[in-house]
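One structure is given below, encoded as structure tokens.
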Amino acid sequence: MSKDVLILGLESSCDDTAAAVLRGPADAPDILSSVVIGQADLHARYGGVVPEIAARAHAERLDLAAERALEEAGVALRQVGAIAVTAGPGLIGGVLSGVMMAKGLAMGLGKPLIGVNHLAGHALTPRLTDGVAFPYLLLLVSGGHCQILRVDGWDTFVRLGGTIDDAPGEAFDKVARLLGLPQPGGPSVEAEARRGDPARFGFPRPLIDRPGGDMSFSGLKTAVLRVRDRLTEDKGGLTEQDRADICAGFQAAVADVLAAKTAGVLEAQDGVTALAVAGGVAANATLRGRLEAVAEAAGLPLLAPPLALCTDNAAMIAYAGLLSFEACVTSDMTLSARPRWPLDKSAAPLVGSGKKGAKA
Ligand code: KG4
Ligand code: ZN
């Protein structure tokens, strides 16, 4: 088995159609291309991802994404050594589109097929970008995910915390909607918060004093709704300053909860080499600041991969596939799409569904 194998990765579990070409070996990986075709325009008018529209768009665009990725990498399809594809968790229609395309390619080329867990892709990204040694702790925070994971090996993950309701990105998006700010909510709430007073409304820090890694963000969103309605009733509407203060208060509460829970979990772990953060919410400067303090107090580096690799992409799927390939673990034509697929088989299932479908 050639160690400098070329892996074609495919990702279609939510609203990004992505393809990437990665060259091994896994201890010196090289991302030759990473193409992401977003679908925000298709879903914008519905206020969330519509699974049927997403699945159709993936089916229409996956070959285009793969073609572009191969072209940008300067690689011919026949040179690809294996096909890695997200096989779950996510929206079933989109995952199926990816799995079917990967099966067709693998069969046509006579090359191995590797079904990858989307969360493993996120969890292994700090190793792809920074070569961090196992075990490390990862806070994965996006519109669909909220988990604290200890990454012990390429296929060994322990879930030490997570949300019991909304994911933080989902909460940012809902708060933006409540305040009439544009989507995605994270960047617009963060921009408003810059001019705001985080202490004015004294928003709650749900579950912060409870031991363990459970988190909750839906009550915080309700607290924002109450403040908005009270101000509207009292004064007939929100001023610019009210909006900025609500955003600053909400953002500080989310960052405090995530930092406190991560610190608590980290304290109980021996021997982890780094704290890493991934997912779209990792772009938030207030959160990064809090996490830097947590890592520093624990004497660990904070690793935050570049944003394009933090959010959904296929390079992370190709990398997880490469690790699997090097361990001689591949899939066969019975590979199926799994809407739910927890990384940590021993952890209780996460409840609820986010915009990406089942939480895990
Ligand atoms: O990882 P991602 O691109 O897609 C999902 O898997 O969900 O994350 C998108 C989420 C959105 O909910 C968005 O509002 C949030 O990440 N986000 C942010 C920021 N930038 C994006 N949240 C807080 N602050 C930001 N600067
Ligand atoms: Zn994701």
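Using this note's numbering, the letters of the sequence shown map in sequence onto residues 1 to 360.
Idealized CB from N, CA, C, for every residue including glycine.
All values reported here derive from a predicted model rather than from experimental measurement.
Query raised in the report: Who are the near neighbours of alanine 69 in its chain, counting only those whose CB is closer than 6 Å to its CB and skipping five residues on each side?
Result: The residue you call residue 69 lines up with position 69 of the sequence shown. Once the five neighbours on either side are set aside, the close Cβ partners of alanine 69 are Ala19, Ala20, Val21, Ser33, Val35.
Query raised in the report: Is the beta carbon of leucine 291 less than 8 Å from the beta carbon of alanine 248?
Result: In the sequence shown, the residue the question calls residue 291 occupies position 291. In the sequence shown, the residue the question calls residue 248 occupies position 248. Cβ distance not < 8 Å, so leucine 291 and alanine 248 don't count as in contact.
Report task. Can you give me the Cβ contacts of lysine 283 inside the same chain, cut-off strictly under 6 Å, excluding the 5 residues immediately before and after it? Result -> Counting from one through the sequence shown, the residue named residue 283 turns up at place 283. Checking the sequence, you will find alanine at residue 283 rather than lysine. Closer than 6 Å at Cβ, skipping near neighbours: Leu307.
Requested in this report: Can you have a look at threonine 163 and say buried or exposed, based on whether 16 or more other CB atoms are within 10 angstroms of its CB?
Outcome: Counted from its first residue, the sequence shown places residue 163 at position 163. Threonine 163 comes out buried.
Query raised in the report: CB-CB under 6 Å to isoleucine 208, same chain, minus the five flanking residues each way: which ones, in chain order?
Result: Mapped onto the sequence shown, residue 208 falls at position 208. Only Val257, Ala260 meet the Cβ criterion.
Requested in this report: Would you tell me roughly how many angstroms separate the C-alpha atoms of aspartate 197 and threonine 239, rounded to the nearest one?
Outcome: Here residue 197 corresponds to residue number 197 of the sequence shown, with the count starting at 1. Here residue 239 corresponds to residue number 239 of the sequence shown, with the count starting at 1. The straight-line gap separating the alpha-carbon atoms of aspartate 197 and threonine 239 is approximately 14 Å.
Query - Within 8 Å, strictly: CB atoms of isoleucine 53 and proline 339 - result: In the sequence shown, counting from the first residue as 1, residue 53 sits at position 53. In the sequence shown, counting from the first residue as 1, residue 339 sits at position 339. No, Cβ-Cβ distance for isoleucine 53 and proline 339 is not below 8 Å.
Report task. Pair every Cβ in the stretch 216-228 with every Cβ in the stretch 263-272, then say whether three or more of these pairs are closer than 8 Å. Result -> By the Cβ test, the stretch 216-228 is not in contact with the stretch 263-272, since fewer than three Cβ pairs between them sit closer than 8 Å.
Query raised in the report: Between the Cα of cysteine 310 and the Cα atoms of His118, Gly90, Lys235, Phe201, which residue gives the shortest distance?
Result: In the sequence shown, the residue the question calls residue 310 occupies position 310. Here the closest residue by C-alpha is His118.
Query - Residue range of the unbroken beta strand (DSSP E) whose run includes alanine 76 - result: Here the question's residue 76 lines up with position 76 in the sequence shown. First-last for alanine 76: undefined, no H or E at that position.
Report task. Could you tell me which of Met101, Val277, Cys14 sits nearest to methionine 83, measuring between CA atoms? Result -> Residue mapping note: residue 83 aligns to position 83 of the sequence shown, counting from 1. Before going further, note that residue 83 is isoleucine rather than methionine in the sequence given. Isoleucine 83 has its Cα closest to that of Met101, out of Met101, Val277, Cys14.
Query - Residue from Ala106, Ala176, Ala171 whose Cα sits closest to the Cα of serine 216 - result: Position 216 of the sequence shown, counted from the start, is the residue given in the question as residue 216. Ranking the options by Cα distance to serine 216, first place goes to Ala171.
**Report entry** Opposing strand residues paired with methionine 215 [DSSP bridges]
**Finding:** The residue you call residue 215 lines up with position 215 of the sequence shown. Looking at the DSSP assignment, methionine 215 forms a beta bridge with Thr163.
Query raised in the report: Quick one: is glycine 285 buried, meaning 16 or more other Cβ sit within 10 Å of its Cβ, or exposed?
Result: Reading the sequence shown from its first residue, position 285 is the one you call residue 285. Correcting the residue identity first, residue 285 is alanine in this sequence and not glycine. Around the C-beta of alanine 285, fewer than 16 other C-beta atoms lie within 10 Å, and the residue is accordingly described as exposed.
**Report entry** Lining residues of the ligand KG4 - beta-carbon closer than 5 Å to any non-hydrogen atom, in sequence order
**Finding:** Summarising the contact set, residues whose Cβ lies nearer than 5 Å to any heavy atom of the ligand KG4 are, in chain order, Ser142, Gly143, Gly144, Gly169, Phe172, Asp173, Pro184, Gly185, Gly186, Pro187, Glu190, Gly279, Gly280, Val281, Ala283, Asn284, Thr311.
Query raised in the report: Are the beta-carbon atoms belonging to valine 116 and threonine 86 less than 8 Å from one another?
Result: Here the question's residue 116 lines up with position 116 in the sequence shown. Here the question's residue 86 lines up with position 86 in the sequence shown. Yes, Cβ-Cβ distance for valine 116 and threonine 86 is below 8 Å.
**Report entry** Cα-Cα separation, isoleucine 31 to alanine 315
**Finding:** One-based indexing of the sequence shown puts residue 31 at position 31. One-based indexing of the sequence shown puts residue 315 at position 315. Using only the alpha carbons, I get a separation of about 7 Å.
Requested in this report: Pick helix, strand or coil for leucine 300, following the three-state DSSP scheme.
Outcome: Counted from its first residue, the sequence shown places residue 300 at position 300. Correct three-state label for leucine 300: coil.
Query raised in the report: For alanine 253, which residues of its own chain have a beta-carbon under 6 Å away from its beta-carbon, when the five flanking residues on both sides are left out?
Result: Working through the sequence shown from its first residue, we reach residue 253 at position 253. Closer than 6 Å at the Cβ level, and outside the excluded window around alanine 253, lie Phe203, Arg205, Leu220.
Report task. Helix, strand or coil for serine 353, going by three-state DSSP, please let me know. Result -> Taking the first residue of the sequence shown as 1, we reach residue 353 at position 353. Any answer about serine 353 is weak, because its pLDDT of 48 lies below 50 and its placement is not dependable; what the coordinates show is given next. Strand, per DSSP.
Requested in this report: Give, in chain order, every unbroken run of the alpha helix (DSSP H) that is at least 4 residues long and sits entirely within the stretch 125-190.
Outcome: Entirely contained in the stretch 125-190, the alpha helix (DSSP H) runs reaching 4 residues are, in chain order, 168-178.
Query raised in the report: Could you give the uninterrupted runs of the alpha helix (DSSP H) lying entirely in the stretch 203-260, keeping only those of 4 residues or more?
Result: Assignment of alpha helix (DSSP H) within the stretch 203-260, counting only whole runs of 4 or more residues, yields 218-235 in chain order.
Requested in this report: Work out the CA separation of alanine 304 and alanine 264 for me, nearest whole Å.
Outcome: The residue you call residue 264 lines up with position 264 of the sequence shown. The residue you call residue 304 lines up with position 304 of the sequence shown. Correcting the residue identity first, residue 264 is glycine in this sequence and not alanine. Using only the alpha carbons, I get a separation of about 20 Å.
**Report entry** Exposure of threonine 125, with buried meaning 16 or more beta-carbon neighbours within 10 Å
**Finding:** The count along the sequence shown starts at 1 and reaches residue 125 at position 125. The residue is buried, with at least 16 neighbouring Cβ atoms inside 10 Å.
Requested in this report: Please report the residue range of the beta strand (DSSP E) in which glycine 9 lies.
Outcome: The residue given as residue 9 occupies position 9 in the sequence shown. Its beta strand (DSSP E) spans residues 6-11.
Query raised in the report: For alanine 193, which residues of its own chain have a beta-carbon under 6 Å away from its beta-carbon, when the five flanking residues on both sides are left out?
Result: Position 193 of the sequence shown, counted from the start, is the residue given in the question as residue 193. Same-chain partners within the cutoff: Cys247, Ala248, Gln251.
Query raised in the report: Can histidine 58 be considered in contact with the ligand ZN, in the sense that its beta carbon sits closer than 7 Å to one or more heavy atoms?
Result: By 1-based counting over the sequence shown, the position of residue 58 is 58. No, since every heavy atom of the ligand ZN falls outside the 7 Å radius drawn around the Cβ of histidine 58.
Query raised in the report: Regarding histidine 43 and the ligand ZN, is the C-beta to nearest heavy atom distance less than 7 Å?
Result: Counting from 1 along the sequence shown, the entry for residue 43 is found at position 43. Incorrect: histidine 43 has no Cβ contact closer than 7 Å to the ligand ZN.
Query raised in the report: Contact check, arginine 159 vs leucine 343 under 8 Å by CB: the rounded distance?
Result: Your numbering for residue 159 matches position 159 in the sequence shown. Your numbering for residue 343 matches position 343 in the sequence shown. Indeed, because the Cβ distance is near 7 Å, the residues count as touching under 8 Å.
Report task. Within its chain, find whatever has a CB closer than 6 Å to the CB of alanine 327; leave out the 5 residues flanking it on each side and keep chain order. Result -> Position 327 of the sequence shown, counting from 1, holds the residue named residue 327. Excluding five sequence positions before and after alanine 327, none of the CB atoms of its chain fall closer than 6 Å to its own CB.
Report task. Check whether the Cβ atoms of valine 277 and leucine 128 lie closer than 8 Å to each other. Result -> Translated into the one-based positions of the sequence shown, residue 277 becomes position 277. Translated into the one-based positions of the sequence shown, residue 128 becomes position 128. Annotated as distal: valine 277 and leucine 128, with beta-carbon spacing of 8 Å or more.
Query raised in the report: Is leucine 62 near the ligand COA, judged by its Cβ being under 7 Å from some heavy atom?
Result: Ligands present in the displayed structure are limited to the ligand KG4 and the ligand ZN, and the ligand COA is not among them.
Requested in this report: Drop a sphere of 10 angstroms on the beta-carbon of serine 353, count the other beta-carbons inside from all chains shown, and report buried for 16 or more, exposed for fewer.
Outcome: For this step, residue 353 is matched to residue 353 along the sequence shown. Any answer about serine 353 is weak, because its pLDDT of 48 lies below 50 and its placement is not dependable; what the coordinates show is given next. Classified as exposed, serine 353 has fewer than 16 neighbouring CB atoms from the shown chains inside 10 Å of its CB.
Query - Length of the line joining the Cα atoms of proline 301 and alanine 295 - result: The residue you call residue 301 lines up with position 301 of the sequence shown. The residue you call residue 295 lines up with position 295 of the sequence shown. When the Cα atoms are used, proline 301 and alanine 295 turn out to be separated by approximately 6 Å.
Requested in this report: Would you kindly check if the distance between the Cβ of alanine 318 and the Cβ of isoleucine 37 is under 8 Å?
Outcome: For the purposes of this step, residue 37 is taken as the residue at position 37 of the sequence shown. For the purposes of this step, residue 318 is taken as the residue at position 318 of the sequence shown. No, these two residues do not count as a Cβ contact at 8 Å.
Requested in this report: Please classify serine 97: does DSSP put it in a helix, a strand, or coil?
Outcome: As a working mapping, residue 97 is identified with position 97 in the sequence shown. In the three-state scheme derived from DSSP, where H, G and I count as helix and E and B as strand, serine 97 is classed as helix.
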